[in-house]
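Worksheet for the structure shown next.
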Amino acid sequence: MTANPPSASSAVVRLTRFTRTELSDVVGDGEDAFGVSWTGLTWRSKEEHFGIKRDGRLVAHTGLVTVPLSIGSVETRVVGVGGVIVAPDLRGEGLSRIVMTAALEHARTMGPEYGLLFCMPHLLPLYERFGWQQLQEDVEVEQPEETTAIMPLRTMWIPLCEGTQWPVGPVRLRSLPM
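Quick note on numbering: the sequence shown equals residues 75 to 252 in the numbering used here.
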């Protein structure tokens, strides 16, 4: 079977929502599509959604949400990126780059200087190719019942404005992780 090039009958679209139904369109009906249930964390929904449709089928997604963050004494907001997923039968065709590029173009218009995401260790090289940089610091995230947790996934950031540098200091996401 010959794979379609990324642009063949594909279109990046803004989605008004990304529910379990849309997720099932991309990856089927599995319980842990993102492979993160082992973390035991409660995750925040995204507010902005970008997808790729190929021949009418949703085959890739990236979500965005603006969240508060402290880095040392700096209180700021970041564009949290999450829900990045590509249909298993189409992985390796560059769809994650296409949908991530569209989402980041929009993120650059949202105001915050930084993008932030959490990922599995085996995905670090993929995101590094897109320009993301790994944080070495532990990141504390909020959880229900006014508790916090140390994020067990890898944390990466990307500048959304020219010349932006990541501040020094402990990092605390003042929100559920995205």
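All C-beta atoms, glycine included, are put in the ideal place defined by N, C-alpha and C. Being a predicted model, the structure only gives us computed values, none of them experimental.
{"Query": "Would you mind listing the beta strand (DSSP E) stretches within the region 137-178 that are 3+ residues and don't spill past its ends, in chain order?", "Result": "148-160"}
{"Query": "In three-state terms, what does DSSP make of residue 231?", "Result": "strand"}
{"Query": "Let me make sure I understand the geometry here. Which of 133, 118, 205 has the alpha-carbon closest to that of residue 125?", "Result": "133"}
{"Query": "Specify the secondary structure class of residue 77 as computed by DSSP and reduced to three states.", "Result": "Here the model assigns residue 77 a pLDDT of 43, short of 50, so the residue's position is not dependable, and the following value carries that caveat. Here residue 77 sits in coil by DSSP."}
{"Query": "Whole angstroms is fine: what's the gap from residue 75's alpha carbon to residue 164's?", "Result": "With a pLDDT of only 34 at residue 75, under 50, the local geometry of the prediction cannot be trusted, and the value read off the model is given with reservation. Approximately 12 Å, taken between the alpha carbons."}
{"Query": "Three or more beta-carbon pairs under 8 Å between the region 181-193 and the region 127-143, yes or no?", "Result": "yes"}
{"Query": "Report back the beta-carbon spacing between residue 218 and residue 146 to the nearest angstrom; my notes put them in contact at under 8 Å.", "Result": "With 8 Å as the limit, residue 218 and residue 146 do not qualify as a contact, their Cβ atoms being about 26 Å apart."}
{"Query": "Is the closest heavy atom of the ligand HEM to the C-beta of residue 135 under 7 Å?", "Result": "With respect to the ligand HEM, the structure shown offers nothing to examine, as it has no ligands at all."}
{"Query": "If you drop the 5 nearest sequence neighbours on each side, which residues of the same chain put their C-beta closer than 7 Å to that of residue 211?", "Result": "244, 245"}
{"Query": "Looking only at its chain, what residues have a beta carbon closer than 6 Å to the beta carbon of residue 150, apart from the 5 residues adjacent to it on each side?", "Result": "143"}
{"Query": "Kindly indicate the opening and closing residues of the beta strand (DSSP E) around residue 121.", "Result": "Looking at the DSSP string, residue 121 is not in any beta strand (DSSP E), and its letter there is neither H nor E."}
{"Query": "Three-state secondary structure (DSSP) at residue 240?", "Result": "coil"}
{"Query": "Short check: CB of residue 107 to CB of residue 136, under 8 Å?", "Result": "no"}
{"Query": "Under three-state DSSP, which class holds residue 110?", "Result": "coil"}
{"Query": "If we call anything under 8 Å between Cβ atoms a contact, is residue 180 one with residue 121?", "Result": "no"}
{"Query": "Quick check on DSSP: helix, strand or coil for residue 197?", "Result": "helix"}
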